[in-house]
Each structure stands twice: as structure tokens, then as C-alpha cells.
Amino acid sequence: MDIELSDADLVRQIGLGKGRDAEAELFRRMAPRVRLYGLRHLRDEQAAQDLTQQVLITTLEALRAGRLREPEKLASFVLGACRMTVLDLRRGAQRKARLLEQFGADLLAPVEWSPPHLDHAQLTRCMQSLKERDRSVVVMTFYEEQASTDVARFLGVSEASVRVIRHRAIHQLRECMGVAA
Amino acid sequence: MSCASPIDAAVLAEYWLAALAGSEEEAVELHLLNCDPCGARLREVIALAEGVRTIAREGSLRLVISDAFLKRAAADGLRIREYAPPAGGGVQCTVTAEDDFLIARLAADLTGAKRVDLCLCDERGFEQRRMPDIPVHLAAGNIVYQESITSAKAFPTSTIILRLVSIDESGGERVLGEYTFNHTRSMPGPGTWLPAT
């Protein structure tokens, strides 16, 4: 498999019926991306995995049938499939077993993903190095899961100020943790 | 593979928090479905967010918190030990192995305060550490301070004074309140002062 092929090239190959390698490569590329979408919208690893399989099945179905006329618009197509599938999952629709049988469990094997390692002792030091206000905003945001409006009300500042504080703090934390800001 | 127009990590954090406007969210999602470097950055942001949540749950940070924090911690089943001495007063206190959070609720009239500092002092009132410009909810009438539970569990029996001061525009200080915590160690061992992180 030529890994230099673009996503659009892979779409064309699949549309021309040029086999399973192109499908496998497209799956390998797209699965982690779709999974992130799933994590963001479903907040659950297993649900994100289910979403990934269903979206990519839908996508491969469409590509095999030549229904994606503009290969460069693959991302738009996949995004649309993600949205529809999230709605389906939320309605509890389960077609998984039938589709796995149709497309093969080997092609659709779960994509393993481990979150990047994080040194918690270092993160604690980095958190403690933030300005008092910034540290509180970070905790209110990520632990309390408060909306910007609530954080702004607590601090007596505008939502825009909360956003500025949060951006500054995230950059400082990333820098302190040794990742590019 | 590189990205010609990488999405800022802070914007990705807002995406993760569902805090972006609809059109901005759609643009980010389309980009992420085309771009692995930005996807990797989003994973780093998610890990950072999860790390912050973990650290916050451990109670090991020193910071000013809101009541929403305490509600969240209680909902998580965490054990909170809270003391609320009056301004100018004191309280007998301790911390046990079962405690997850140690909280001091400091009542003060914060009306008109532009900047408030929290000073941690020894038993003689000498300042040992200062937290400048702490976040203040003026209408609340109190400050909720979380001491690091890790440090507190190591404290020897001792007296600690917390002092709230307001700072005016010329840098002048006015004491808003002093609060004395007479800590009795109830954990095994002699106790020691941990270095501040």
C-alpha cells in the first residue's frame, strides 16, 4: 500500500473497485479521527468505538457504490455521517452485528488508542505555578465543568476575559509540561 | 505529515469543552477529519484536561475554589473537611487519613476590594507565603480556600494563621480578616513541613 496516497486518491481507488488495501488504509487513517469526534460528542470510549465502526461502514458503503462524487470532500461526508450516527446511537439503534458480518470483523477491528502519558507530579507543579486566578479558572473549567458564563459570574469579569485567562493558562501548562504551546 | 494551519491548543480545549460556536465547531471538526497533527494535539489537550481533573480530585492543590467545586467533590463521593472560623477568631482543627479535601471558609467583607491577597503566616503572624490577587466573588462574603491535603496530612501539630488583605491602587494594604487554625496532628508519625510545590 502506498502510504503517500492522499485521502482523495484512496477514495478514487475504492470507487474503482481496486480492492481491500485502499479500504484498509482509509480505515487506518480515518478511524482515529472519527474516534476523537466520538469521544467529544459521546464522552465514552466504547460508544466512540461503536461510532467509529458505524461511520466507516457507512463511508465504505458509499465509496464502494461511487456515491461520493467529489473525493476531496471526504471529510465533509464523514462529518455528516458522524452526526447522523451520533443521532442513531442516541436513539439506541443497533445494526452493529449485521454490519460486522457484512464487512468483516478483521477490517473493522477496534483501533487501540492510549492517551499521551502525563507526569502528574509535574502537572501538579505546573498547576501550582499558575497565577492564582488562572489556576482557579482551569479547575473550574476542567473539574467543575462550569461554563464560561458561570466562571465569569464567579470572578466578576466578562466571558471574554475568562477565555483569555483560560487560553493563557493552557499555553502555560503545555509549555511547563514540555509540549509545544 | 505537517499542518499548514494548525489549530491552537486553547481552541481545541474549547472544542473539547463544547464551548465553541456552531460554525467554529464545524470548521474545527472538518479540519480534524483531515489532519492528524491537530488530532494528536487534541489528544494532548484531552490528556491535560483529564490530568487536571485527576489532580483536582486528589485535593493536592492550594487554591481558591467556588462552592460549585465542593458540590462536585461531594457528588464524586469525596470527603470534605471544612473549617469556618470567624474573622479575628480561631478554630481547633485536624485532618485524618480518610479526608480528601481540607477547606477553610474565610468570612470577610469584600465590598470594594480591587485586589485581595491571601497570606499564610506562622503562629507569630509572620508571613511565610502569599497568594497574590486571588479570585474573589465579591457578593459571596467569604473566600473558600483549599489547602493541599497532601501537605496537611504531613503537618506537625502547630498554629497557622491565614490573613486576607486588600491591596489598593497605590499598593497599600488593609487587613480584611485574620483566621487562626490550631492544628492538632492526628495522623501517625511526627509530622513535617513539606516544601511548597
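Residue numbers (this note's numbering), protein chains in the order written: chain A, 1028 to 1208; chain B, 65 to 261.
Ideal Cβ placement from N, Cα and C applies to all residues, glycine included.
query: Is it buried or exposed, VAL1189 of chain A, if we count other Cβ atoms within 10 angstroms and call 16 or more buried?; result: buried
query: Residues of the stretch 1093 to 1117 of chain A in Cβ contact with chain B at a cutoff of 7 Å, in chain order, please.; result: ALA1102, SER1103, VAL1105, LEU1106
query: Rounded to whole angstroms, what's the CA-CA distance from ARG89 of chain B to ILE213 of chain B? Just pull it up for me.; result: For the record, residue 89 of chain B in the displayed sequence is Glu; it is not Arg. The straight-line gap from Cα to Cα measures roughly 38 Å.
query: For ALA139 of chain B, which residues in chain A fall below 8 Å Cβ to Cβ?; result: None at all; the shortest Cβ gap to chain A is about 10 Å.
query: Residues in the stretch 89 to 109 of chain B with C-beta within 7 Å of chain A's C-beta atoms, listed in sequence order?; result: GLU93, LEU94, LEU96, LEU97, ASN98, GLY103, LEU106, ARG107, GLU108
query: Chain B partners of ILE1197 of chain A, CB-CB under 7 Å?; result: ALA73, ALA74, ALA77
query: Taking the alpha carbon of LEU240 of chain B as the reference point, which residue from B:ILE231, B:THR248, B:HIS247, B:ASN246 has its own alpha carbon closest?; result: B:ILE231
query: Which partner residues of GLN297 of chain B appear in the DSSP bridge assignment?; result: Nothing about residue 297 of chain B can be reported from this structure: the residues present for chain B run from 65 to 261 only.
query: Determine the chain A residues that contact ASP197 of chain B at a beta-carbon separation under 9 Å, and present them in chain order.; result: LYS1158, GLU1159, ARG1160
query: Which first and last residues belong to the beta strand (DSSP E) in which GLN1040 of chain A is found?; result: Element bounds for GLN1040 of chain A: not the beta strand (DSSP E) but the alpha helix (DSSP H), 1034 to 1042.
query: Does the Cβ of GLU242 of chain B have 16 or more other Cβ atoms within 10 Å, making it buried, or fewer, making it exposed?; result: buried
query: Using a Cβ-Cβ distance cut-off of 8 Å, determine whether SER1175 of chain A contacts chain B.; result: yes
query: Exposed or buried, PHE190 of chain B, counting other C-beta atoms within 10 Å across all chains shown (16 or more means buried)?; result: exposed
query: Can you list, in chain order, the residues of the stretch 1048 to 1060 of chain A whose Cβ is nearer than 7 Å to any Cβ on chain B?; result: PRO1059, ARG1060
query: Say whether the stretch 1172 to 1191 of chain A touches the stretch 119 to 129 of chain B, bearing in mind that this needs 3 or more beta-carbon pairs closer than 8 Å, one atom from each stretch.; result: no
query: First and last residue of the alpha helix (DSSP H) that includes ILE1192 of chain A?; result: 1186 to 1203
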